[in-house]
Amino acid sequence: MKARQRIILSILLVNLLLAAFAMGQSRREINFPDILGYKTLKCDLHMHTVFSDGSVWPPVRVDEAFREGLDVISITDHIEYQPHKEDVPTNHGRSHELAVSRARERNILLIRGAEFTRETPPGHFNAIFLNDVNSLAVEHLLEGIKIANKQKAFVFWNHPGWKPEHKGWFDFHTTLYENKLMHGIEVVNGGSYYPEAHQWCLEKNLTMMSNSDVHQPLTRLETSPENHRSITLVFARERSIDAVKEALVQGRTTVWFKDQLIGRKKYLDAIFKGAVEIGKPYNKYKDTIWVEIKNSSDVDIDLEKAGKLGPGKLTLPANTTTLLKTGTGAEEEDEAPAQIELSYNARNFLIAPGKGLPVILTIHLN
Ligand SMILES: [Zn+2]
Ligand SMILES: [Zn+2]
Numbered sequence: 420m421k422a423r424q425r426i427i428l429s430i431l432l433v434n435l436l437l438a439a440f441a442m443g444q445s446r447r448e449i450n451f452p453d454i455l456g457y458k459t460l461k462c463d464l465h466m467h468t469v470f471s472d473g474s475v476w477p478p479v480r481v482d483e484a485f486r487e488g489l490d491v492i493s494i495t496d497h498i499e500y501q502p503h504k505e506d507v508p509t510n511h512g513r514s515h516e517l518a519v520s521r522a523r524e525r526n527i528l529l530i531r532g533a534e535f536t537r538e539t540p541p542g543h544f545n546a547i548f549l550n551d552v553n554s555l556a557v558e559h560l561l562e563g564i565k566i567a568n569k570q571k572a573f574v575f576w577n578h579p580g581w582k583p584e585h586k587g588w589f590d591f592h593t594t595l596y597e598n599k600l601m602h603g604i605e606v607v608n609g610g611s612y613y614p615e616a617h618q619w620c621l622e623k624n625l626t627m628m629s630n631s632d633v634h635q636p637l638t639r640l641e642t643s644p645e646n647h648r649s650i651t652l653v654f655a656r657e658r659s660i661d662a663v664k665e666a667l668v669q670g671r672t673t674v675w676f677k678d679q680l681i682g683r684k685k686y687l688d689a690i691f692k693g694a695v696e697i698g699k700p701y702n703k704y705k706d707t708i709w710v711e712i713k714n715s716s717d718v719d720i721d722l723e724k725a726g727k728l729g730p731g732k733l734t735l736p737a738n739t740t741t742l743l744k745t746g747t748g749a750e751e752e753d754e755a756p757a758q759i760e761l762s763y764n765a766r767n768f769l770i771a772p773g774k775g776l777p778v779i780l781t782i783h784l785n
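Each residue of the sequence shown is one higher than the one before, starting from 420 at the first, in our numbering.
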């Protein structure tokens, strides 16, 4: 082959490779509104790789997060449990290091983390925003958690209902809590929701977390409002690691679990208001009106009537416009008010265990 032909051929090959690379880089988006002046970041802060008992190489976690529309992850391999250590040498900070350049390429914020893995009770704890993971490998758990706190880590209690026979708040948790060494709790871990943890977060002003704790490769091709990764929505000043930390410390989170959002009332209320848009009536007959209600979030909103007007039950499916027909309550046409308010309970926006968010659908009549 002549030199010129070789050059042309290599240019063609490079172009082909670039085209393939460009095609492979699309991601799904998770839709929740930014609220209260903050950016809503989608975070999974608990997952494993071959460096503990997971079954994937670290950069794969970044690729999965990118595909699924996440902004932030933390690889939190077990410090005390390494079933692959004959093949993968013990180096507790290594899984993070191996994922750093992939995270940069995929625009994923990667937080350095680890999981303390002791007997239950007191159970497992994650420490994230660490400087040095190896320094946590000490004999006593309390000492390790203190070292993490010296590194200004954010520490949270993992899967508190994992072993039902040991479930509960123990003296060890009181020690951590009273000394401000523990800052959050997983209200959700993978497919499990822990109502008692939800209640503790409300009572003790701890940050509500939800993470996948994934060990296997994530092979989900499609997601739906009921079937998706369990993640934490973090309301941050900007899309940066420092801003995520500040938001976690301040407790600005909401949990997205199956078909539910779980969190503090002010954040759920803001998500509802940001996601739901009510049009003006497009049709009217006597005291009956028709309006469009758009839900631009990824959660199906399940409403139950709490007032006099509107249908008894109303579902606003995710990313969908729903037509609502309702009476205005006006006796005669010329009495029609400027607006009407429909009181509902958003049953799958949990502001406390078993308690939905009260909402008002305001319809402007002219
Ligand atoms: Zn664990
Ligand atoms: Zn874990």
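Heads up, the beta-carbon is just placed ideally off N, CA and C, and yes, glycines get one too.
If you compare the alpha carbons of 552, 607, 614 and 526 with that of residue 773, the shortest gap goes to 614. For residue 466, DSSP records a beta bridge to 633. Taken in chain order, the complete beta strand (DSSP E) segments of 3 or more residues contained in the stretch 467–541 are 491–494 and 528–536. Not one heavy atom of ligand 1 lies closer than 7 Å to the C-beta of residue 642. Annotation: the stretch 654–698 contains the following complete segments of the alpha helix (DSSP H) (minimum length 4 residues), in chain order: 660–668 and 684–694. Within its own chain, the residues whose Cβ lies closer than 6 Å to the Cβ of residue 736, once the five positions on either side in sequence are excluded, are 719, listed in chain order.
Residues close to ligand 2 by the beta carbon criterion (under 7 Å to any non-hydrogen atom) are, from first to last along the chain, 465, 467, 495, 497, 534, 543, 577 and 632.
In the structure shown, residue 547 falls within a strand segment according to DSSP collapsed to helix, strand and coil. Secondary structure note for residue 646: it is in no alpha helix (DSSP H), with a DSSP letter that is neither H nor E. Residue 716 and residue 690 do touch by the CB rule: their CB atoms are close to 7 Å apart, below 8 Å.
In this structure, residue 536 has its beta carbon less than 7 Å from a heavy atom of ligand 1.
For residue 736, no alpha helix (DSSP H) run applies, since DSSP gives it neither H nor E. Assignment of beta-bridge partners to residue 778 by DSSP yields 763.
The shortest CA-to-CA distance from residue 551 to any of 647, 542, 747 and 571 is the one to 571. Rounded to the nearest whole angstrom, the CA to CA distance from residue 585 to residue 468 is 27 Å. In this structure, the alpha-carbon of residue 476 lies about 30 Å from that of residue 562. Cα atoms of residue 765 and residue 611: separation of roughly 21 Å, rounded to the nearest angstrom.
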